[in-house]
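See structure below.
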């Protein structure tokens with residue numbers, strides 16, 4: 198009982214810190230017009246029904262409160278039509294992550310697809326840093342549908358992510 202209360206208090210403290218840090222990250226991020234988009238971690242959705250009970254969602258974060266991995270899919274919403282016109286590459290992403298005390302790894306994969314399923318392009322980034330950290334994927338090939346897919350280690354979360362098209 199005492200152990201579960203301690204873990205619960207740690208989780209609440211981490212979630213509160215993530216909320217504060219995500220507001221800071223979003224308000225201090227550079228703005229690059231329509232080629233840059235910022236998203237709160239709460240945009241991410243569970244990948245399977247078994248992941249849903251593991252996840253805690255706040256107004257701007259998603260957090261895995263369980264002792265096992267959880268998987269989420271995060272949308273990449275393109276800006277105005279043509280925000281990648283004149284480019285031969287697709288976007289890259291930066292993900293801001295909060296990890297609690299474990300040494301397990303959070304991995305996110307940015308994937309791009311053609312709407313006719315004729316080909317895919319993807320790049321991954323990982324971090325095992327405890328506390329607040331960020332990770333960036335390399336640019337992927339230009340496609341017309343994009344998504345970010347992450348495996349959240351136990352007691353870790355996403356408090357914001359960004360896509361850069363130009």
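In our numbering, the protein residues as written are 198 to 363. We put the CB at the ideal spot given by N, CA and C, even for glycine. Keep in mind it's a predicted model, so treat the numbers as computed, not measured.
| Item | Value |
| --- | --- |
| CA-to-CA distance, residue 300 to residue 365, given in whole angstroms | For the chain, the structure presents residues 198 to 363; residue 365 sits outside this window and is missing. |
| Residue range of the unbroken beta strand (DSSP E) whose run includes residue 273 | Looking at the DSSP string, residue 273 is not in any beta strand (DSSP E), and its letter there is neither H nor E. |
| Residue 248 burial status per 10 Å Cβ neighbour count (16 or more: buried) | buried |
| contact_flag[the region 231 to 246, the region 321 to 340] where n(CB pairs < 8 Å) is 3 or more | no |
| CA-to-CA distance, residue 237 to residue 220, given in whole angstroms | Because residue 220 sits at a pLDDT of 43, beneath the cut-off of 50, its placement in the model cannot be relied upon, and the point is left open. |
| Straight-line Cα distance separating residue 286 from residue 363 | 8 Å |
| Reference residue 269; option with closest CA among 359, 312, 239 | 239 |
| Within-8 Å CB hit, residue 251 to chain C | No chain C is part of this structure, which consists of one protein chain only. |
| Cβ-Cβ separation, residue 262 to residue 352 (assumed contact under 8 Å), whole Å | 7 Å |
| Cα-Cα separation between residue 264 and residue 241, rounded to whole angstroms | 19 Å |
| Closest residue to residue 303 among 309, 293, 310, 312 (Cα-Cα distance) | 293 |
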